[in-house]
Amino acid sequence: MAMETVKGRAASVSFRNVSKIYGRDVLAVDDVSIDIAPGKLVTLLGPSGCGKTTMLRMIAGLEMASKGQIMIGDKDVTTLPATDRDVSMVFQSYALFPHMSVIENVSYGLKFSGFGKGETRDRAMAGLGLVGLTQLAERLPSELSGGQQQRVAVARALVLEPQVLLFDEPLSNLDAKLRRQVREEIRDIQQKLGLTVVYVTHDQEEALAVSDEIVVMRNASIAQVGTPQDLYEAPVDAFVADFIGEANLIPCRIEAVEDGTALISVGGFRHRVPARGLPPGPATLAVRPSRVRVQKGLDQDGVPARIAKATYVGSRMEYTVTADFGSLFAVLDDVEEPLAPGEDVTLHFAASGPVLIPAA
Amino acid sequence: MRTVTSERTTHPVLIFWMLAGWVGYLILPWYGIERFYEFDWLTDGYPLDTDYAPAAFLIGQGEKLWLAPMVPALLAPLAVLGRRKTDPLFARVLIVAGAGGFAWLIAQGFGVGLRGWGFSWLEALFGPLGDRQFGMGYGAMLVASSFLFLFTQGIAARGAVNGDVFVVSAIGGVITVVSIFVFFPIVRMLISAFVTQDGGYSVAVFLSKFFNDRLWGLGCLSGGRCGAAWNSLFLAIVVGLITTVLGLVFALVLTRSGFRHKNALRALTVLPIITPPFVIGLAIILLFGLSGSVTVFVADLLGIQPTRWVYGMKGIMIAQILAFTPIAFLVLIGVVEGVSPSMEEAAQTLRASRWQVFRTVSLPLMRPGLANAFLLGFIESMADFGNPLVLGGNFDVLSTEIFFAIVGAQYDQGRAAVLAIVLLGFTLGAFYAQRFWLGKKSYTTVSGKGDAGVHPQMPAGLAIPVLALAALWSAFTATIYVMIVYGSFVELWGVRNTLTFKHYLTAFSVRLEEGGIRWTGSAWDSFWTTIQIATIAAPLTAAVGLITAYLLTRQNFAGKNSFEFGTMLSFAIPGTVIGVSYILAFNVPPIEITGTGIILVVSFIFRNMPVGVRAGIASMTQLDKSLDESSLTLGANSWQTFRLVILPLLRPAILAALVYSFVRAMTAISAVIFLVSARYDMATSYIIGRVENNDYGLAIAYSTALIFVMLAAVGMLQIAVGRTRIGRRLSHETGGG
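Line by line, the protein sequences are chains Y and B.
Counting in our numbering, the first sequence runs from 1 upward without gaps.
Counting in our numbering, the second sequence runs from 1001 upward without gaps.
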């Protein structure tokens, strides 16, 4: 066996009707079923307190499911403690052992896996090589920068060649610039080694950027599962639409449905959008701020509105616009000739952007 | 691929405890041996002599046949050695064998005693026994441990605490030792309060001893004498209140004034640690006693006869306030510093004046600290034995009354037990009152996030009296310590005021002879015994304390709250009560250890355990829990995590716990005075003995020497802790989700 490389031994993860109850009646995860395919990077996304971290800790074996069954590969691990599961985790705080050097940290798990001294060191160095920190092997964690500590934590988890690799908000302690870089590195390693990764975050942009699939969670259960495009383009409800990339939620009415296309009225304005199986009646139209077209002056063919607030953020303009049905948030790329507050405008919706979702 | 422990069919831990049980049963002497640490018995008729024989040999000779039923329990685990942990039979066999064996061991221990059957109904049932047994020894101890840990492994295999053998065994171990050495003696003491003179039980006897005028009399309201219970209660409340106020005064000077020499103030916190409690009482006598400097000076000045005015409540109160204020300070400094400056700054920006900030924000946030300080002062005063003995005069308090009930001419165990129950009632009452008063309000102001900012200064109207009080107290304390050192060189205080080394020579003289040093001084015996006992007790105390702290901070299990309460309870039990309950409980089989060094070691472990627990909790909460979790997900089990991650990071805390329990073992008196024997005399009880013989010079010289020894120990700790710098501690908040 070649020692220089770290291999992935990806396995699937399945939750079957899993619930987690803390104390007597605090429901942290409520009857969740989900399948994570081997070799995929799946993100658990949601606001704080939605149960995503609990899900992750149940995969690791740090929390035990109150009900249901958890499978890794084709093995039932529901009652196995963390020590016995073939899973590694990268913690939000990195959790590097402060009294051990970098190489000792990375070797820590290998010691318990029955490797000889030489092989442990080779494997640990290979892991450090993967994150580009071979020169810092003898340092103490406190002598490393935040980004370097993070990489050591990743290397420490990787060298065990786990069936599943878990990340608990790994970027939240890094500054904004470093975040993009580290997130790309994580994605690269995951794809290169074909690892199964479960990743927890509350940052939707991060989730969209790294994931093969995103699981949006709300109130202890799953709101929607899908690829980043699915979620962005076709959210199932107002919560998902708003949580992923912000959306203007406009109450509207479906007048008629023909061949899967709905004729809707917003205020007095009529528009055609895919019906997505919704029947005639009240509904909500979700429109991304970037998909709102704002035209100077009043026009017959559009929704009359007025600029309430204009904010210059450098690369673009952000506007709050008021119309009959309420106010909208719109983003325009044109920073050369900004619109002024109080100005009358006409709104249009882009042809493909807006989606219908059930009435809130 | 990781091997899954629950599917293995070899069980090294199980094999270890099984073998331990066999060694205890087949090889080691079953009954207690007089000299625990010595091994004469090996050449003295072992293994056939019945005093030293292992259980198996006893049965082989047809003796003590009631030990035989343990054999099946010792053999049963063999049947499941080749099975998986997940096999229900594995768990069932271990639980039944462990619990059954342990229960039988306890039952036979109580059932057959020094005079045959332990209970009269057993005799009625089976007829006279015609045999007897002594206290348990090495063999029994090992067999009992083996049964206990077989049982915990069975429980773990059934899935308790995620099947974690180490954690379940640790819980089982702590519960067992606390039950044996804290709860069992207390229960024994409760029972003996009902014992009549001819060995029967009677509520009337208890009631007559309880409602006794010497206990509850109110004569002092009309010029007579009050009962010891009222005296103790009144004294404890006053001392608790005054020490709390003084402690707060010093804490405020340190954190909220422009006072420059703050490090000198911090040195105050060392005083109570290194000073045996009664030393202050001795110094008070030197100052205010019949021939005390101040008394004589004032008497000369006014031309009146010197009096014994200081003996009684006044003297005890002064001594206790001086002795326990640093303890209150120790508690309050943490709390007063812990009040987040940003709270106070926020109040200031909301237009509160300095005085209003102090009254509406700072002081309320210090409430838990104030309650804690009062509780400590109250309990310390209640339990204090040395000062009332030295200064009490005709003023009776519970702790000394208990002592005289046991060692005095009256020798009345029942009365001692009743008094101890009253004392325990008071301290537990205070303990509950404190919990009730604090309620469930959250006073946490340290959020883990960086908190820049400085504490505002006290308002001037408060600062002046506070500084004045602090200065007064400091001057008084300084005088006290100077008096102690000076007094140790004075030949006979107030009579022959010449300076001499006489007392030191009597106590600590050494003669160089052929073949080595001869410790000819009269204090050496007790000094070396003290050092020896304290050295043995310290690591055990630290170990029990840290394991308990680990379980409390790091593990979740059913009954954790009662577990915490049980381990913290011994904190509210005065040493005097421990002392009485130990001699009542451990004077007879099955555990017969009075008069040995073991009982001293054991009493120190459980007296000082709460200190170890608190120190452990304080430093373990500093360690981010994700450190343990990451170790677990990396494949280490909880024992490996404890050993490789937690213990190394706790090195400073361990060291502190070691030194602290060592020093406390050297200064303790209240429990010790009951437990010492001619062979195992301790420094403190020796000194008290000298005081009772009016040999003040020697007592003070010995005390001074002790203070310097302990100062050295604490100093070495400071140096050692300063050197063990490790990497930065991680203390992130855990993320939501």
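Each residue gets a CB set at the ideal place from its N, CA and C atoms; glycine is no exception.
Computed from a predicted model, the values in this text were never measured in an experiment.
**Message:** As a quick exercise: from S327(Y), V182(Y), R270(Y), pick the residue whose alpha carbon is nearest that of Q300(Y).
**Reply:** Indexing the first sequence from 1 puts residue 300(Y) at position 300. Ranking S327(Y), V182(Y), R270(Y) by Cα distance to Q300(Y) puts R270(Y) first.
**Prompt:** For S107(Y), which of G1247(B), G1579(B), L1634(B), Y1686(B) has the nearest alpha-carbon?
**Reply:** Here the question's residue 107(Y) lines up with position 107 in the first sequence. Nearest option by C-alpha distance: L1634(B).
**Nearest to A153(Y) (by Cα), restricted to the options D31(Y), S101(Y), T83(Y), D122(Y)** = Within the first sequence, the letter at position 153 stands for residue 153(Y). Closest by alpha carbon: S101(Y).
**Request:** Assess, as a yes-or-no matter, whether the segment 1196 to 1206 of chain B is touched by the segment 1217 to 1227 of chain B under the definition of 3 or more beta carbon pairs within less than 8 Å.
**Result:** no
**Message:** Taking the alpha-carbon of F1119(B) as reference, which of I1617(B), P1589(B), F1642(B), Y1660(B) has the nearest alpha-carbon?
**Reply:** As a first step, residue 1119(B) must be located in the second sequence, where it is residue number 119. Nearest C-alpha to F1119(B): P1589(B).
**Prompt:** Nearest-angstrom Cα distance between F1378(B) and F1278(B)?
**Reply:** Your numbering for residue 1378(B) matches position 378 in the second sequence. Your numbering for residue 1278(B) matches position 278 in the second sequence. Answer to the nearest angstrom: the Cα atoms are 17 Å apart.
**Item:** Closest by C-alpha distance to S1603(B), when choosing among K1314(B), L1290(B), I1578(B), S1626(B)
**Value:** Here residue 1603(B) refers to the residue found at position 603 when the second sequence is read from its first residue. Ranking K1314(B), L1290(B), I1578(B), S1626(B) by Cα distance to S1603(B) puts I1578(B) first.
**Message:** Counting only Cβ pairs nearer than 8 Å, list the residues of chain Y close to G1159(B).
**Reply:** Taking the second sequence and counting its residues from 1, the one referred to as residue 1159(B) is at position 159. Correct list: T79.
**Request:** Counting only the same chain and skipping the five closest in sequence on each side, list residues whose C-beta sits under 6 Å from that of A1323(B).
**Result:** Along the second sequence, read from residue 1 onward, the residue named residue 1323(B) stands at position 323. Excluding residues within five positions, the ones whose Cβ falls inside 6 Å are P1277, I1280.
**Request:** Excluding the 5 residues preceding and the 5 following F1181(B) in the sequence, name in chain order all residues of the same chain whose CB lies nearer than 7 Å to its CB.
**Result:** Position 181 of the second sequence, counting from 1, holds the residue named residue 1181(B). Counting only Cβ-Cβ distances below 7 Å, and skipping sequence neighbours, we find V1602, F1606.
**Request:** Could you tell me which chain Y residues have their CB closer than 9 Å to the CB of V1645(B), listed as they occur along the chain?
**Result:** Within the second sequence, residue 1645(B) is the residue found at index 645, counting from 1. F97, H99, M100, Y108, listed in chain order.
**Message:** Run through chain Y and tell me which residues come within less than 8 Å of Q1640(B), C-beta to C-beta.
**Reply:** The residue you call residue 1640(B) lines up with position 640 of the second sequence. Per Cβ cutoff of 8 Å: F112.
**Request:** Report the rounded CA-to-CA distance for I1726(B) versus I1327(B), giving the unit in angstroms.
**Result:** Taking the first residue of the second sequence as position 1, residue 1726(B) is located at position 726. Taking the first residue of the second sequence as position 1, residue 1327(B) is located at position 327. In this prediction, I1726(B) scores a pLDDT of 42, lower than 50, which makes its location untrustworthy; the coordinate-derived value is nonetheless stated afterwards. Cα to Cα, the separation comes out at about 29 Å.
**Residue closest to Q229(Y), alpha-carbon to alpha-carbon, out of A220(Y), G127(Y), G245(Y), A37(Y)** = For this step, residue 229(Y) is matched to residue 229 along the first sequence. Among A220(Y), G127(Y), G245(Y), A37(Y), the Cα nearest to that of Q229(Y) belongs to G245(Y).
**Prompt:** Exposed or buried, which one is S1179(B) when buried takes at least 16 other CB atoms within 10 Å?
**Reply:** On the second sequence, residue 1179(B) is found 179 positions in, with the first residue counted as 1. Answer is exposed; the Cβ neighbour count stays below 16.
**Prompt:** Once you ignore the five residues that flank G132(Y) on each side, which residues in its own chain have a CB closer than 8 Å to its CB?
**Reply:** Here the question's residue 132(Y) lines up with position 132 in the first sequence. Contacts found: R151.
**Request:** Could you confirm whether any beta carbon from chain Y is found closer than 8 Å to the beta carbon of G1737(B)?
**Result:** In the second sequence, counting from the first residue as 1, residue 1737(B) sits at position 737. Summary for G1737(B): the model assigns pLDDT 35, below 50, so the residue's position carries little reliability, and this model does not support an answer.
**Asked** Can you tell me whether R1351(B) is buried or exposed, with buried defined as 16 or more other CB within 10 angstroms of its CB?
**Response** In the second sequence, residue 1351(B) corresponds to position 351, counting from 1. Result: exposed.
**Message:** Restricting to Cα atoms, I'd like to know which of G1159(B), A1251(B), A1068(B), V1245(B) is closest to D1095(B).
**Reply:** Position 95 of the second sequence holds residue 1095(B). A quick correction: the sequence has Ile, not Asp, at residue 1095(B). Among G1159(B), A1251(B), A1068(B), V1245(B), the Cα nearest to that of I1095(B) is on G1159(B).
**Given D1412(B) as reference, the closest of S1619(B), V1645(B), V1580(B) once Cα atoms are compared** = Here residue 1412(B) corresponds to residue number 412 of the second sequence, with the count starting at 1. Closest option to D1412(B), Cα to Cα, is V1580(B).
**Asked** In terms of residue numbering, what span does the beta strand (DSSP E) encompassing V1601(B) cover?
**Response** Position 601 of the second sequence, counted from the start, is the residue given in the question as residue 1601(B). Counting along the chain, V1601(B) falls outside any beta strand (DSSP E), though it belongs to the alpha helix (DSSP H) covering 1597 to 1620.
**Item:** Proximity to L1114(B) [Cα-Cα], best of W1041(B), G1127(B), Q1133(B)
**Value:** Numbered from 1 along the second sequence, position 114 holds the residue referred to as residue 1114(B). Closest option to L1114(B), Cα to Cα, is Q1133(B).
**Prompt:** Given that L1089(B) touches chain Y, what residues does it touch there, using C-beta distances under 9 Å?
**Reply:** As a working mapping, residue 1089(B) is identified with position 89 in the second sequence. Under the 9 Å cutoff, chain Y gives no residues; its nearest Cβ is about 18 Å from L1089(B).
**Prompt:** Is the number of C-beta pairs between the segment 1294 to 1302 of chain B and the segment 1694 to 1714 of chain B that are closer than 8 Å three or more?
**Reply:** no
**Asked** DSSP on Y1087(B), reduced to helix/strand/coil?
**Response** Within the second sequence, the letter at position 87 stands for residue 1087(B). Residue identity check: residue 1087(B) is Asp in the sequence provided, not Tyr. D1087(B): coil per DSSP, three-state reduction.
**Beta-carbon proximity of F1426(B) to L1233(B), cut-off 8 Å** = Here residue 1426(B) is taken as the residue at index 426 of the second sequence, counted from 1. Here residue 1233(B) is taken as the residue at index 233 of the second sequence, counted from 1. For F1426(B) and L1233(B), yes; Cβs fall inside 8 Å.
**Item:** Distance between M55(Y) and F15(Y) (C-alpha atoms, nearest Å)
**Value:** The residue you call residue 15(Y) lines up with position 15 of the first sequence. The residue you call residue 55(Y) lines up with position 55 of the first sequence. Cα to Cα, F15(Y) sits roughly 9 Å from M55(Y).
**Prompt:** Should M1001(B) be flagged as near chain Y, meaning a C-beta pair shorter than 8 Å?
**Reply:** Within the second sequence, the letter at position 1 stands for residue 1001(B). Residue placement at M1001(B) is poorly supported in this model, since its pLDDT is 49, which falls under 50; the coordinates are not used for a value here.
**Asked** Closest to S1474(B) by CA distance: which of G1247(B), A1653(B), F1527(B), I1700(B) is it?
**Response** Position 474 of the second sequence holds residue 1474(B). When each option's Cα is compared against that of S1474(B), the closest is G1247(B).
**Item:** Top-ranked residue by Cα proximity to L263(Y), from D242(Y), L285(Y), L249(Y)
**Value:** Working through the first sequence from its first residue, we reach residue 263(Y) at position 263. Ranking the options by Cα distance to L263(Y), first place goes to L285(Y).
**Message:** Quick check on T1307(B): buried or exposed, where buried means 16 or more other Cβ atoms within 10 Å of its Cβ?
**Reply:** For the purposes of this step, residue 1307(B) is taken as the residue at position 307 of the second sequence. So T1307(B) counts as exposed.
**Message:** For D1164(B), would you say it is in contact with chain Y, using Cβ-to-Cβ distances shorter than 8 Å as the test?
**Reply:** Position 164 of the second sequence, counting from 1, holds the residue named residue 1164(B). Judged by the 8 Å Cβ criterion, D1164(B) is in contact with chain Y.
**Partners in chain B for R156(Y), counting only beta-carbon separations shorter than 9 Å** = Indexing the first sequence from 1 puts residue 156(Y) at position 156. Chain B residues near R156(Y): S1630, L1634.
**Item:** Length of the line joining the Cα atoms of A1107(B) and A1193(B)
**Value:** Within the second sequence, the letter at position 107 stands for residue 1107(B). Within the second sequence, the letter at position 193 stands for residue 1193(B). C-alpha separation (whole angstroms): 23 Å.
**Cβ-based contacts, 9 Å cut-off: residues of the segment 1647 to 1665 of chain B near chain Y** = P1648, L1649, R1651
**Message:** Please list, in chain order, the chain Y residues whose beta carbon lies closer than 9 Å to that of L1627(B).
**Reply:** Position 627 of the second sequence, counting from 1, holds the residue named residue 1627(B). Near L1627(B) (Cβ distances below 9 Å), the residues of chain Y are F91, S93, A95, L96, F97, P98.
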